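**Q**
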Amino acid sequence: MRFLVLNSDAERRDGLKALLRQIDRHASINDAPDSFQARRLLRTQRFDLVAIDWLDVGRLSELQALCSACSPTPAAVLIDESTPEGIQRFFNYGVAGVIPHSTRPHLIVRALEMVLLGGHYIPPIALSLLPSAAAARHDTHFQTLAGSLPRRPPSGLLSPRQAQIMRFVHMGSTNKMIARTLGISEGTVKIHLASIFQQLGAANRAAAVAIYNGWLSPHLEVLLANRDRARKPAIGERGPVPLRTQRNERAYPLPGTNTGTQDLPLAAEPPARFRRER
283 MRFLVLNSDA ERRDGLKALL RQIDRHASIN DAPDSFQARR LLRTQRFDLV AIDWLDVGRL
343 SELQALCSAC SPTPAAVLID ESTPEGIQRF FNYGVAGVIP HSTRPHLIVR ALEMVLLGGH
403 YIPPIALSLL PSAAAARHDT HFQTLAGSLP RRPPSGLLSP RQAQIMRFVH MGSTNKMIAR
463 TLGISEGTVK IHLASIFQQL GAANRAAAVA IYNGWLSPHL EVLLANRDRA RKPAIGERGP
523 VPLRTQRNER AYPLPGTNTG TQDLPLAAEP PARFRRER
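Quick note: the sequence shown uses this note's numbering, first residue 283, plus one each step.
The following block contains the structure:
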């Protein structure tokens, strides 16, 4: 992944980089002290997310020009405590997420992940901008969309370590990347994944992510493992007969009857014309 960090203070840029490293440890992060250099980087490179620390960057007009330059790349802004009207102004300029500085670091990381995945983050203080009737219509529409998707809760509760591994799988990390981040071996990661797949009833990583998040849509039903298809055998019960031809134990088949075998020549017997008379 490629991130762009914008702030005039180098220490604050380093702090924001440390938060972005929690999303992708091997990400390529560029920083810019002002909006002019940020726009120049946006013209020459492509980024997955633009993170702006709005402590002393500039005016709102510069933010509007910056959001226009980085489109369609999502942009998230970290601000001080502001009014709901001021937060609404940020969204009007094209920002996908507004995160207050008072937010806890792990919540800032989750908000940046939400913006990175194409969503929007609105701080709780800005929820008062929604009228009660509009909020009710929004909730009804969301519940209708959520009810149209068949939800399958996980069949078993995952341990904290397994839930942590599932979050890395959701972000697309490989087994080696997960092992390096958590400080464990790659074999341990594979053991955890095998246990997760068994508990969730998933056939692969994509199905595990879908089932774990609870949004297994109809076109992903084929990813769900069919337990009736591969039932564990019980002791004393005959297993299924494989659909394949039976192999002969002997390399060369024997004749069906023993009649007429005296006329067959032996393998080691020479022909009659080379036989020595005694």
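All C-beta atoms in this analysis are idealised placements derived from N, C-alpha and C, irrespective of residue type, glycine included.
None of these values were measured; they are calculated from a predicted model.
My assumption, with CB atoms under 8 Å, is that I473 sits in contact with Q444. Please give the rounded CB distance.
**A** One-based indexing of the sequence shown puts residue 473 at position 191. One-based indexing of the sequence shown puts residue 444 at position 162. Rounded, the Cβ-Cβ distance is 10 Å, inconsistent with contact.
**Q** With distances taken Cα to Cα, identify the nearest neighbour of L482 among I466, N495 and A292.
**A** Your numbering for residue 482 matches position 200 in the sequence shown. For L482, the nearest C-alpha among the options comes from N495.
**Q** List the residues that DSSP assigns as beta-bridge partners of R284.
**A** As a first step, residue 284 is located in the sequence shown; it is residue number 2 there, counting from the start. Looking at the DSSP assignment, R284 forms a beta bridge with S310.
**Q** Would you give the residue range spanned by the alpha helix (DSSP H) that D291 belongs to?
**A** Sequence index remark: in the sequence shown, residue 291 carries index 9 (1-based). Unbroken run through D291: none, as it is neither H nor E.
**Q** Just list the alpha helix (DSSP H) runs in the segment 436-499, keeping only unbroken ones of 4 residues or longer that don't cross its boundaries, in chain order.
**A** 442-452, 457-464, 468-482 and 487-495
**Q** How do the segment 358-365 and the segment 385-399 stand: do at least 3 beta-carbon pairs fall below 8 Å, yes or no?
**A** yes
**Q** Would you check if the distance between the CB atom of T355 and the CB atom of V377 is smaller than 9 Å?
**A** For the purposes of this step, residue 355 is identified with residue 73 of the sequence shown, where counting begins at 1. For the purposes of this step, residue 377 is identified with residue 95 of the sequence shown, where counting begins at 1. Result no, Cβ atoms of T355 and V377 do not sit closer than 9 Å.
**Q** By Cβ distance, which residues of its chain are closer than 7 Å to K458, with the 5 residues on each side in sequence left out?
**A** Here the question's residue 458 lines up with position 176 in the sequence shown. For K458, where only same-chain residues beyond five positions count, the Cβ hits under 7 Å are E468.
**Q** Please list the terminal residues of the continuous beta strand (DSSP E) segment that includes I404.
**A** Locating residue 404 in the sequence shown gives position 122, where the first residue counts as 1. Counting along the chain, I404 falls outside any beta strand (DSSP E), and DSSP gives it neither H nor E.
**Q** Can you tell me whether S353 is buried or exposed, with buried defined as 16 or more other CB within 10 angstroms of its CB?
**A** Mapped onto the sequence shown, residue 353 falls at position 71. The residue is exposed, with fewer than 16 neighbouring Cβ atoms inside 10 Å.
**Q** Answer with buried or exposed for R307, where buried requires no fewer than 16 other C-beta atoms within 10 angstroms of its C-beta.
**A** If you number the sequence shown from 1, residue 307 lands on position 25. Looking at its Cβ environment, which holds fewer than 16 other Cβ atoms inside 10 Å, R307 is exposed.
**Q** Consult DSSP for V397 and reduce its assignment to one of helix, strand or coil.
**A** Reading the sequence shown from its first residue, position 115 is the one you call residue 397. In the structure shown, V397 sits in a helix (DSSP, three-state: H, G or I).
**Q** Quick one: what does DSSP say G379 is sitting in, helix, strand or coil?
**A** What you label residue 379 is simply residue 97 of the sequence shown in a count that begins at 1. Here G379 sits in strand by DSSP.
**Q** Relative to the C-alpha of N374, which residue among A485, T326 and H402 is closest?
**A** Here the question's residue 374 lines up with position 92 in the sequence shown. The shortest CA-to-CA distance from N374 to any of A485, T326 and H402 is the one to H402.
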